[in-house]
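Count along the sequence shown from 1, add 28, and you get the number used in the working numbering.
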Amino acid sequence: MKILKNISLPLLGIIFWEIIAIWLNNPIILPRVESVLSVLLAPQQPILGTGINLMDNTIISIKRVVSGFLIAGLVAVPIGISMGYFSTIRDFFDAGIELLRPIPPLAWVPLALAWFGIGETSMLFIIFIGAFFPILINTIAGVKGVPTILIDSAQTLGAKQKDILLKIIIPASSPSILTGLRIGAGIAWMCVVAAEMLPGSDAGLGYLIMYAYMLSRMDIVVASMIIIGLIGLTLDKVLRYIEDKYFKWKVMMK
Numbered sequence: 029m030k031i032l033k034n035i036s037l038p039l040l041g042i043i044f045w046e047i048i049a050i051w052l053n054n055p056i057i058l059p060r061v062e063s064v065l066s067v068l069l070a071p072q073q074p075i076l077g078t079g080i081n082l083m084d085n086t087i088i089s090i091k092r093v094v095s096g097f098l099i100a101g102l103v104a105v106p107i108g109i110s111m112g113y114f115s116t117i118r119d120f121f122d123a124g125i126e127l128l129r130p131i132p133p134l135a136w137v138p139l140a141l142a143w144f145g146i147g148e149t150s151m152l153f154i155i156f157i158g159a160f161f162p163i164l165i166n167t168i169a170g171v172k173g174v175p176t177i178l179i180d181s182a183q184t185l186g187a188k189q190k191d192i193l194l195k196i197i198i199p200a201s202s203p204s205i206l207t208g209l210r211i212g213a214g215i216a217w218m219c220v221v222a223a224e225m226l227p228g229s230d231a232g233l234g235y236l237i238m239y240a241y242m243l244s245r246m247d248i249v250v251a252s253m254i255i256i257g258l259i260g261l262t263l264d265k266v267l268r269y270i271e272d273k274y275f276k277w278k279v280m281m282k
């Protein structure tokens with residue numbers, strides 16, 4: 029029954045999509061479901077004369093997202109923990125963080141091209157920027173949200189600063205950090221599509237979407253969008269599973 033509830037909305041969406049596509053009868057505006065399925069069911073077939081197939085483009089995008097996302101996490105989490113726990117560090121970084129945070133990742137594209145040139149580094153930088161701030165802000169919020177009674181109790185029992193940080197602050201703030209990672213992962217996928225449309229890109233789902241659009245192959249455009257959505261959904265499900273499995277105590281504390 030639960031599975032039926034989960035798939036009912038996507039099924040209705042597919043039915044509605046097919047009805048509209050038949051009514052329009054114009055694959056340049058909206059392709060039929062079967063034409064998109066034919067692309068999805070042949071992921072190893074070379075497309076658009078690029079010499080690489082849908083699976084290859086997907087793997088390239090996944091590698092870029094994972095690389096940029098991991099770098100963002102490795103940088104943002106330690107900084108967030110430091111800013112959340114030490115007020116001096118927070119006061120030092122806060123103005124700069126709040127100044128840069130509202131800037132959309134795509135606004136960094138000209139600077140990325142100027143600093144790193146055309147290529148992988150510029151793409152990774154855009155993905156990094158997109159994932160960095162959600163992870164950072166949620167990490168700071170998680171650390172600041174740790175009940176002070178836990179810290180006071182540990183200090184009363186003679187715990188050292190290092191022990192408080194490793195055994196209280198980080199475990200207690202982990203659910204919020206994980207939420208930041210979930211949000212950051214989603215934004216990283218948004219950014220990779222835009223990054224792969226930059227000059228010099230010749231592979232990836234973002235590149236494929238733009239190239240297919242130029243050739244009026246909307247079936248490939250929609251197929252690529254579906255793959256991005258499915259990968260994002262899978263990643264979110266994995267992070268939610270970790271959250272539900274290892275952080276049930278957080279729900280009990282509320």
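All C-beta atoms, glycine included, are put in the ideal place defined by N, C-alpha and C.
What you are looking at is a predicted structure, and each value in this text was computed from that prediction instead of being measured.
What's the call for residue i, buried or exposed, on a 16-neighbour Cβ count within 10 Å?
i, result
"PHE156", "buried"
"ALA135", "exposed"
"ILE153", "Note that residue 153 is Phe in the sequence shown, not Ile. By the 10 Å Cβ count, PHE153 comes out buried."
"VAL171", "buried"
"ILE248", "buried"
"ASN53", "exposed"
"LYS282", "With a pLDDT of only 45 at LYS282, under 50, the local geometry of the prediction cannot be trusted, and no value is derived from it."
"PRO138", "exposed"
"ILE47", "exposed"
"VAL266", "exposed"
"THR116", "exposed"
"MET111", "buried"
"THR86", "buried"
"PHE161", "buried"
"MET246", "buried"
"GLY101", "buried"
"GLY212", "buried"
Nearest-angstrom Cα distance between residue i and residue j?
i, j, result
"LEU128", "ALA70", "43 Å"
"PRO175", "LEU68", "49 Å"
"GLU148", "VAL94", "13 Å"
"LEU236", "VAL64", "14 Å"
"LEU40", "ARG60", "15 Å"
"ILE35", "ALA182", "48 Å"
"ILE196", "ARG268", "22 Å"
"VAL103", "ILE88", "23 Å"
"MET280", "ALA142", "For MET280, the predicted structure reports a pLDDT of 43, less than 50, and the residue's modelled location is therefore unreliable. A value from the coordinates is still provided. About 50 Å."
"LEU243", "ILE125", "41 Å"
"THR207", "LEU185", "31 Å"
"SER202", "THR167", "8 Å"
"SER252", "GLU62", "15 Å"
"GLY234", "PHE121", "34 Å"
"PHE114", "ALA240", "50 Å"
"TRP51", "GLY257", "26 Å"
"LEU37", "LEU263", "20 Å"
"GLY96", "ALA159", "8 Å"
"SER229", "TRP217", "16 Å"
"PHE44", "ILE90", "30 Å"
In the DSSP output, which residue or residues are listed as bridge partners for residue i?
i, result
"ASN166", "Per DSSP, none; premise fails for ASN166."
"ARG81", "The amino acid occupying residue 81 in the given sequence is Asn; Arg does not appear at that position. Looking at the DSSP assignment, ASN81 forms a beta bridge with PRO74."
Taking the continuous alpha helix (DSSP H) assigned at residue i, which residues delimit it?
i, result
"GLU126", "115 to 128"
"SER201", "198 to 223"
"PRO138", "137 to 144"
"LYS188", "Counting along the chain, LYS188 falls outside any alpha helix (DSSP H), and DSSP gives it neither H nor E."
"VAL174", "It is not in any alpha helix (DSSP H) - VAL174 carries neither H nor E in the DSSP assignment."
"LEU68", "61 to 68"
- Message: In chain order, what are the residue ranges of uninterrupted beta strand (DSSP E) at least 3 long that sit wholly in the stretch 229 to 269?
- Response: Complete beta strand (DSSP E) runs here, min 3: none at all.
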